[in-house]
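Step one of this worksheet: look at the structure below.
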Amino acid sequence: MTTGVAHQGTARRRTGRRAGRGARRGLGGWLLGGLLALAAARAASAQEVGVRAQVDRSRVSERDQVVLSVEVSAASLDQVGPPDIAALGDFEIISGPAVSSRFQWINGRTSASKSFSYVLRPKGIGTRTIPALGLLVQGKTYRTQPIDVEVVPGGGGVPAPGGPPAGGPRGGPGRPQVPIRPQTGPGVADVRVRAEVDTRTAYVGQQITARFLLDTQTEVLNLGLKDNPNFPGFWAEDIKVPENLEMKRVELGAQPYTEYTLMKKALFPTSAGSLTIPGVAYQIQVRRRGQDPIESFFFTPTETLQRRTEPVTINVVPLPAASRPPGFSGAVGSFTLQVSADRKESQVNDAIGVKVRIAGEGNMNAVSVSPLPELGDFKQYPPRTSASSSLQGERLRGEKVWDYVLIPLAPGTQQIPPVTFSFFDPRDGEYRSVSSAPIAIQVARGSDQGGATLPVVSQSDVRALGRDIHYIKLAPDGLADRSRPFYRAPLFAVLLLLPIVADAGIFALTRRREALQANARQRRERRARSQARKRLKEARRRMAPASSRAFYAAVAGALSQYAADKFDTAAAGLTHDRIEELLASRGVAETLRSEFHRCLEACDYARFAPASSNQAEMQRTLEAAEEVLVALERSISA
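Numbering (the numbering used here), first residue to last: 115 to 752.
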């Protein structure tokens, strides 16, 4: 019994061990399958790739810019290239690409995206298409959806409507779409520029004040003129605006705007008819509104807008011709006249200063006629003219001054007659004349005036008044100077001859140095041909494919050194252009100069070519160099 029970217990233990091993094998299989499934899911997620293109606005003006963003999403951005934008025929690329990357880690899963941004400008009006763009991602090409942009004439565009931006998502076959944050940008309702004038009807020469304004509903970061404004048909003067632009709140079309005064001009029409103040173009950098507050906090997304004011037509009325006074110079405005003399009493031939001053509101450049007439009793010199202008408020004021010098020619009471100045007053629409009062000058007879006689003094009028000053008696023989003058000393003769001797010595040394230099140049020029032959012989010894670079360097050196020796210059700084200039100065024919340069270029090409030259090519190069040197020697020596 004992034995039987023991065998039975042993059998149970073996059966239990086999069952435990089977259960463990089943659990291990489940664990292995789960790990494989997780790895497969990770591998599938790692292969997810999505690409998408968008623009910040679907409707723009012909002068606006469009921001194109192409974003690619993948688990790894190691093998992501920029999009192929060569097919953007309807748009001009202004700048880009601006590249940005973003990484995310959510629930143990990594995702990354890379964005390429371009600034584009449309070419023409109508519906313009951004074609499907290809991107090479991990060795495979993905394409975006085409995007249509409506281009309208005018000064601004309209932001894309809410929701997804223009351009549908596009991924690989069977790939999930990658969401991209929508972006909005300012359009025509947000930023505009305009021109205002104080009057649309004016006379020729009348001031028109033009103000150029910026109205915005968004933050402006920077602005500037796109080009220098020109105002044909107007004389233009700047009206200074403060560095901190004037700002005020206005309503345009029941919409609130912030208005800035960008520029002021005082314009004076120079001819009658219909004149146009052309539009002024501005580049305006604004903050682009985004939906990601974190990105807006750390970065400042901006956009550059193109805006131009609308032209303003001015009806310019000609000045009346019927009532135009004589002597009218074309001054338009309101002016005063002052005439003054620096003194009221003078003498014949003694100068008098007379100042004529015209001041007022208007363009002083139109006052171009000297107002003081010719005066018969005075000699009149051309005046010295000065002019100045300044702005009082927004009106241009100035003055013009003539300073005359008058010389009285006759004694007595001479009179400077009244001076009259005429101008046109645009406020009343009529001509006005202002006159000065006459100025009387008392002219006395001059002290040096001709006709005066000298009194005659008789002999009896001379009488002795005192005896305190006596006549000095002179010695009969005078005093003898016993000292010898310096000019009679031997040292004076030596010093007199010293400059002549020094000049002669300097002349002799100079001639000696010139002779030595001439001999050296002549000797170098005579030996140029023989030295070139020696260098070509040295090159011939190196004529082997293994030493081809040394061979061509020797041939090029022989040619360059020959030119340097012939023209007595350094070979180190001798360029092809300098050689051309030197050869032409000696009358070398153009064909021979071209052959010389061809030999040099062949040597340079062979020296730096990746493949070595053969024996035949080197032989041809050497023979060509020898022939060129022989021909040059004959041409230069002729």
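Just so you know, even glycine gets a beta-carbon here, dropped at the ideal spot from N, CA and C.
Own chain partners of residue i with C-beta closer than 8 Å, once the 5 adjacent residues on each side are dropped
| i | result |
| --- | --- |
| R748 | none |
| E333 | V400 and R401 |
| S385 | V318, G347 and V430 |
| E365 | Y371 |
| E176 | P236, G238, I239, V265, V266, P267 and G268 |
| R654 | L736 |
| M657 | F665, Q729, M732, Q733 and L736 |
| L376 | V307, F326, L327, L328, L337, V355, L359 and Y396 |
Residue range of the unbroken alpha helix (DSSP H) whose run includes residue i
| i | result |
| --- | --- |
| R402 | No alpha helix (DSSP H) holds R402; DSSP gives it neither H nor E. |
| Y495 | Here Y495 belongs to no alpha helix (DSSP H), and DSSP marks it neither H nor E. |
| I750 | Q729 to S751 |
| E162 | Careful: E162 lies outside any alpha helix (DSSP H) and carries neither H nor E. |
| E508 | Run containing E508: none; DSSP gives neither H nor E here. |
| R643 | A642 to R655 |
Paired residues, beta bridge with residue i - DSSP
| i | result |
| --- | --- |
| S448 | E475 |
| L383 | Checking the sequence, you will find Pro at residue 383 rather than Leu. Per DSSP, F348. |
| Y601 | Answer by DSSP bridge pairing: none, since Y601 is not bridged. |
| N429 | T315 and S388 |
| M377 | F326 |
| Q461 | A558 |
| E513 | A473 and S502 |
| E838 | Any question about residue 838 goes unanswered here, given that the chain covers just 115 to 752. |
| K228 | V186 and S215 |
| T527 | Q556 |
| G248 | R257 |
| Q369 | L366 |
| F205 | P236 |
| D262 | T243 |
| A455 | V468 |
Cβ-based burial, residue i [other Cβ within 10 Å; buried from 16]
| i | result |
| --- | --- |
| A316 | buried |
| E185 | buried |
| L611 | exposed |
| G441 | exposed |
| N477 | buried |
| D380 | Checking the sequence, you will find Ala at residue 380 rather than Asp. Flag for A380 reads buried. |
| Y495 | exposed |
| K651 | exposed |
| E206 | exposed |
| L609 | exposed |
| D352 | exposed |
| G387 | exposed |
| V394 | buried |
| E357 | exposed |
| D178 | buried |
Limits of the beta strand (DSSP E) - the one that residue i falls within
| i | result |
| --- | --- |
| M361 | M361 to L366 |
| A309 | V305 to V311 |
| F538 | T534 to D539 |
| I244 | G240 to I244 |
| V669 | Careful: V669 lies outside any beta strand (DSSP E), inside the alpha helix (DSSP H) at S662 to K680. |
| P547 | One detail in the question is off: residue 547 reads as Ser in this sequence, not Pro. Where S547 is concerned, the enclosing beta strand (DSSP E) stretches over E544 to S549. |
| R173 | R173 to S175 |
| L339 | V334 to L339 |
heavy atom of the ligand ATP below 8 Å from residue i C-beta
| i | result |
| --- | --- |
| P496 | This structure simply doesn't include the ligand ATP, nor any ligand for that matter. |
Sequence-distant residues of the same chain with beta carbon closer than 6 Å to residue i, five excluded per side
| i | result |
| --- | --- |
| V311 | I322, A324 and V426 |
| K469 | S454 and D517 |
| A642 | Y676, D679 and K680 |
| V548 | L451 and F535 |
| R514 | Residue identity check: residue 514 is Lys in the sequence provided, not Arg. Once the five neighbours on either side are set aside, the close Cβ partners of K514 are I472, M478, V481 and A501. |
| T330 | V305 and T372 |
| S727 | S662 and A720 |
| T499 | W516 |
| R138 | With a pLDDT of only 48 at R138, under 50, the local geometry of the prediction cannot be trusted, and no value is derived from it. |
| E704 | none |
| Q529 | P552 and A554 |
Neighbourhood of residue i by C-beta distance below 7 Å, restricted to the same chain and skipping five residues each side
| i | result |
| --- | --- |
| N336 | Q399 |
| S751 | none |
| L696 | A677 and F681 |
| F606 | F600 |
| E709 | V742 |
| G671 | R649 |
Presumed contact (8 Å Cβ cut-off) between residue i and residue j, rounded CB distance
| i | j | result |
| --- | --- | --- |
| A188 | A226 | 6 Å |
| A558 | P525 | 6 Å |
| V174 | V263 | 6 Å |
| K340 | V355 | So it is not a contact: roughly 18 Å between Cβ atoms. |
| L202 | K228 | About 20 Å separates the two Cβ atoms, so there is no contact after all. |
| F97 | G447 | Because residue 97 is not part of the residues shown, which for the chain are 115 to 752, the question remains open. |
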